[in-house]
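What follows is a short report on a single structure.
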Amino acid sequence: MAEIETENKIKSEEYFVNMGPQHPAAHGVLRLILTIDGETIVNVDPDLGYIHRSIEKMCERDSYQQIVHLTDRMDYLSSHINNEAVCLAVEKGLQLEIPDRVKVIRTILSELTRLASHQLWWGVMGMDVGALTTYFYAFRDREMINDIFEETCGARLTMNYNIPGGLMYDIHPNFVKRVKEFVAHFKTKLPEYDRLLSGNIIFINRTKGVGVLSREDAISFGVSGPVARGSGFASDVRKRHPYSAYDRVSFKEIVMNEGDTLARYKVRILEMWESLSIIEQLIDNIPEGDHLVPTKAVIKLPKGEFYQRVETARGELGVYINSDGNKNPYRVKFRSPGFSNLSALNHVAKGGKIGDLVSIMASFDFVIPDIDR
Amino acid sequence: MEMVLIAVAYLLVFAVAGLYLVLLERKVAAWFQLRLGPNRVGPFGLFQTMADALKLVSKEMYGTNRADKFLYNLAPYFPIITALLAMAVLPFSAQFQAFDINIGIFFLLAVSSVGVIGILLGGWASNNKYSLIGAMRSGLQVVSYELSVGLSLLTMVVLTGSLQLSEIIEVQKNGWLIVQGHIPAIIAFVIFMIAGTAETNRAPFDLVEAESELGAGFHTEYSGMKFAYFFLAEFINMFIISAIAVIVFFGGWLSPFGITEEISWFPSVLWFLGKVLIIVFLMMWFRWTFPRLRVDQLLNLEWKYLLPINLFNLVFMAIVVWLGWVITF
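Those protein sequences? They're chains A and B, same order as listed.
1 is the number of the first residue of the first sequence in my numbering; add one for each residue after it.
374 is the number of the first residue of the second sequence in my numbering; add one for each residue after it.
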């Protein structure tokens with residue numbers, strides 16, 4: 001530990017604190033080894049592995065249908081989008097023509113998942129900077145989305161609704177009605193989020209100019225998702241490499257140039273509006289047709305490499321499948337957004353206070369099982 | 374005999390105020406957060422906090438391994454004793470005041486700043502880095518905001534010309550001090566509320582026990598009744614700060630505009646408690662709405678804004694009193 005000499009020759013010493021693996025601000029079992037000088041952060045050293053379940057290795061053991069179920073457990077707040085990524089990669093390998101109906105439903109569900117994830121993030125962000133009430137407001141609205149999921153596929157968190165070739169079941173007859181109800185409801189509630197937290201002077205002080213990540217650093221750290229877009233790096237996979245039905249809807253890619261915590265916050269709030277608009281564009285014209293292209297019971301991908309990227313609520317998720325022609329993949333690799341985003345944490349948190357670190361972590365929106373896998 | 378009765382009465386007030394303020398906080402929080410709050414134990418959950426207290430009393434004392442045992446065990450008594458001492462000088466009504474000393478306000482300030490020693494000791498003796506950071510923050514915070522509490526009350530003392538609490542209330546027979554002192558008094562009240570919230574370590578100034586940063590701050594390592602002492606003291610301190618605000622700005626146990634002057638049977642203590650509850654509600658409103666400040670912002674707010682405003686306000690008040698611009702009816 002480096003000794004620091006102050007002007008009056010009083011010797012002070014840096015000390016280290018374990019933030020986690022059990023800590024209220026870590027939202028999971030992330031262990032940050034902090035080196036602190038008083039209240040100022042000198043170094044942040046993330047220590048991973050507390051929730052490592054070797055999902056990638058398990059994928060080599062399982063068939064392609066089974067892999068989908070494992071991906072729920074990575075970024076559990078974007079479980080539907082994770083499922084979709086694997087299914088798209090497998091469908092790419094099989095060169096399946098997916099019906100429009102499936103594409104549209106997948107897109108609607110992806111956006112609902114994104115909304116649910118951002119709502120949870122908003123509640124937790126408020127809680128991390130000390131405004132405890134936001135949590136309950138967010139959960140009130142998230143509950144409606146969870147109810148829709150429950151009706152559609154029987155699960156509220158780990159959906160398992162996608163299978164290679166389409167969807168496990170067709171949507172529930174109530175689906176369209178309830179999604180419309182939710183969109184109408186949430187359009188009145190989203191301004192409430194702004195009134196409660198966004199304009200608060202203490203909140204702005206806590207977030208403005210805190211944890212600045214420049215565009216160059218964002219790119220070189222491989223940051224993606226709202227964190228990158230808060231730094232002015234337009235990296236939205238939905239726009240750059242459209243998949244499912246994203247090429248047939250019009251939406252804005254939210255980009256802010258400040259790169260601070262407040263910018264990341266605003267990006268997510270505005271993204272919620274865009275998600276609502278995407279859902280509105282699609283919900284009225286879900287094409288008729290099949291919800292599934294039948295595949296063989298045992299899927300064998302041709303020999304080769306297959307890669308599919310999607311935009312989860314946290315950023316770019318890449319699924320890499322290396323197949324040797326068997327019923328199991330030879331190697332599967334997930335490029336998870338949380339892991340890359342975490343790598344930038346030390347860079348932006350250095351020199352800040354402990355309170356800054358907490359608000360930066362909240363604005364990065366970490367889901368630990370996504371980092372560790 | 375009389376002393377014993379008074380002591381019992383005060384302990385009763387202390388316990389009831391503590392327990393029911395906790396319940397009130399939970400109800401208010403629930404109301405803000407679209408929840409119902411405690412409603413299972415007794416009607417409207419009225420016995421919830423009693424059940425909680427019973428649980429805390431019967432809990433095993435559990436502490437850290439290499440803590441400084443003596444200081445660790447001593448610390449929880451500081452906040453609770455100082456809270457009791459401060460309670461003793463509060464005039465609940467004309468007849469209900471244990472000690473009416475002539476330096477009442479000064480005594481309240483002096484006593485309430487001793488409570489922080491308990492927090493510092495607790496954080497230091499716990500042998501836990503989070504507790505220590507919490508305790509150091511609390512030291513910073515209380516030392517800084519003590520100034521603003523003192524100066525804003527001093528501003529009002531300039532108006533009343535007395536430190537004695539009963540006399541301060543007597544002066545307000547012709548209008549509450551916040552009306553008498555108009556602009557400077559309102560400024561003093563706003564500053565007092567901000568600094569008072571900070572003094573009691575409540576949100577948005579709850580850095581001492583900032584949950585998302587430090588776990589539970591200085592009382593991380595306390596359990597059972599020792600934790601309950603810290604917890605209870607926080608609520609009693611909130612009551613005391615509100616009571617000071619009511620006494621100094623809103624006429625204490627006097628009714629507004631002398632409504633109940635003629636009705637002799639109406640207990641003036643109800644006016645006092647009613648006003649205190651309104652201020653307490655205000656503080657709870659702060660807590661469940663505002664995010665938390667950062668430690669350097671906390672100090673900036675005090676030393677760069679509140680303190681200079683306060684000093685100018687003190688001079689302003691002196692001028693107002695000197696020129697006789699005081700509003701009386």
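By construction, the Cβ of each residue, glycine as well, lies at the ideal position given by its N, Cα and C atoms.
Length of the line joining the Cα atoms of residue i and residue j
i, j, result
"B:Leu-520", "B:Leu-684", "10 Å"
"A:Thr-134", "A:Glu-274", "21 Å"
"A:Thr-152", "A:Ile-105", "11 Å"
"A:Leu-70", "A:Ile-36", "38 Å"
"B:Gln-421", "A:Thr-188", "36 Å"
"B:Ser-504", "B:Arg-408", "31 Å"
"A:Gln-95", "A:Pro-337", "27 Å"
"A:Glu-39", "B:Asp-579", "16 Å"
"A:Ser-235", "A:Leu-197", "27 Å"
"A:Val-348", "B:Gly-590", "25 Å"
"B:Arg-660", "A:Ile-55", "42 Å"
"A:Ile-360", "A:Asn-346", "10 Å"
"A:Phe-203", "A:Ala-297", "54 Å"
"A:Asp-247", "A:Ile-108", "13 Å"
"A:Gly-458", "A:Tyr-193", "Nothing in the structure corresponds to residue 458 of chain A, since chain A is present only between 1 and 373."
"A:Pro-369", "B:Leu-550", "59 Å"
"B:Tyr-602", "B:Pro-452", "8 Å"
"B:Val-649", "A:Pro-24", "34 Å"
"A:Gly-20", "A:Leu-48", "11 Å"
"B:Ala-382", "B:Phe-608", "18 Å"
Three-way DSSP call (helix, strand, coil) for residue i in this model
i, result
"A:Leu-30", "coil"
"A:Thr-107", "helix"
"A:Lys-177", "helix"
"B:Phe-654", "helix"
"A:Met-144", "helix"
"A:Glu-274", "helix"
"A:Ile-279", "helix"
"A:Pro-337", "helix"
"A:Glu-216", "helix"
"B:Ile-379", "helix"
"A:Lys-353", "strand"
"A:Leu-167", "strand"
"A:Phe-149", "helix"
"B:Leu-419", "coil"
"A:Tyr-193", "helix"
"A:Asp-45", "strand"
"A:Ile-286", "coil"
"A:Glu-305", "strand"
"A:Val-210", "coil"
"B:Ser-596", "coil"
"B:Leu-392", "helix"
"A:Ser-12", "strand"
Among the options, nearest to residue i - alpha-carbon criterion
i, options, result
"A:Lys-252", "A:Tyr-243, A:Leu-276, A:Thr-261, A:Ala-263", "A:Leu-276"
"A:Lys-327", "A:Ser-224, A:Thr-71, A:Ser-336, A:Pro-302", "A:Pro-302"
"B:Phe-747", "B:Lys-599, B:Phe-622, B:Lys-546", "Residue 747 of chain B is absent from the model: chain B starts at 374 and stops at 702."
"A:Arg-215", "A:Ile-368, A:Ala-344, A:Leu-115, A:Lys-208", "A:Ala-344"
"A:Gly-374", "A:Pro-337, A:Glu-91, A:Phe-306, A:Asp-260", "No statement about residue 374 of chain A is possible, as the shown extent of chain A runs from 1 to 373 and does not include it."
"B:Lys-677", "B:Leu-481, B:Tyr-435, B:Ser-485, B:Tyr-518", "B:Tyr-518"
"B:Trp-644", "B:Thr-570, B:Phe-603, B:Ile-542", "B:Ile-542"
"A:Met-74", "A:Ile-171, A:Arg-140, A:Val-319, A:Gly-355", "A:Val-319"
"A:Met-272", "A:Ala-116, A:Asp-170, A:Ala-85", "A:Ala-116"
"B:Ala-498", "B:Arg-575, B:Glu-594, B:Ile-474", "B:Glu-594"
"A:Phe-182", "A:Gly-165, A:Leu-167, A:Gln-65, A:Phe-149", "A:Phe-149"
"B:Gly-418", "B:Met-434, B:Ser-431, B:Val-401", "B:Val-401"
"A:Ile-33", "A:Val-17, A:Gln-22, A:His-23, A:Phe-334", "A:Val-17"
"B:Thr-701", "B:Asn-574, B:Asn-610, B:Lys-546, B:Leu-655", "B:Lys-546"
"A:Tyr-50", "A:Gly-28, A:Ser-63, A:Val-68", "A:Gly-28"
"A:Ile-278", "A:Tyr-265, A:Val-124, A:Arg-229, A:Lys-180", "A:Lys-180"
"A:Arg-229", "A:Lys-208, A:Tyr-243, A:Lys-266", "A:Lys-266"
Beta strand (DSSP E) segments (min. 3 residues) lying fully within the stretch 459-506 of chain B: You should have found no qualifying run.
Given 8 Å, three or more beta-carbon pairs between the stretch 454-463 of chain B and the stretch 513-532 of chain B: Judged by pairs of C-beta atoms under 8 Å, the stretch 454-463 of chain B does not touch the stretch 513-532 of chain B, as fewer than three such pairs exist.
Three or more C-beta pairs below 8 Å linking the stretch 465-474 of chain B and the stretch 503-523 of chain B: With the cut-off at 8 Å, the stretch 465-474 of chain B and the stretch 503-523 of chain B do not touch.
Meets three-Cβ-pair contact criterion under 8 Å: the stretch 305-313 of chain A and the stretch 281-293 of chain A: No, the stretch 305-313 of chain A does not touch the stretch 281-293 of chain A.
Contact between the stretch 566-573 of chain B and the stretch 604-616 of chain B (3+ Cβ pairs under 8 Å): A contact exists between the stretch 566-573 of chain B and the stretch 604-616 of chain B.
The stretch 655-671 of chain B touching the stretch 387-407 of chain B, judged by at least three CB pairs closer than 8 Å: Cβ pair count under 8 Å is three or more, so yes.
Inter-stretch contact (C-beta, 8 Å, three-pair minimum) for the stretch 231-250 of chain A and the stretch 152-170 of chain A: Judged by pairs of C-beta atoms under 8 Å, the stretch 231-250 of chain A does not touch the stretch 152-170 of chain A, as fewer than three such pairs exist.
Whole runs of the alpha helix (DSSP H) within the stretch 655-686 of chain B, excluding any shorter than 4 residues: The qualifying runs are 668-673.
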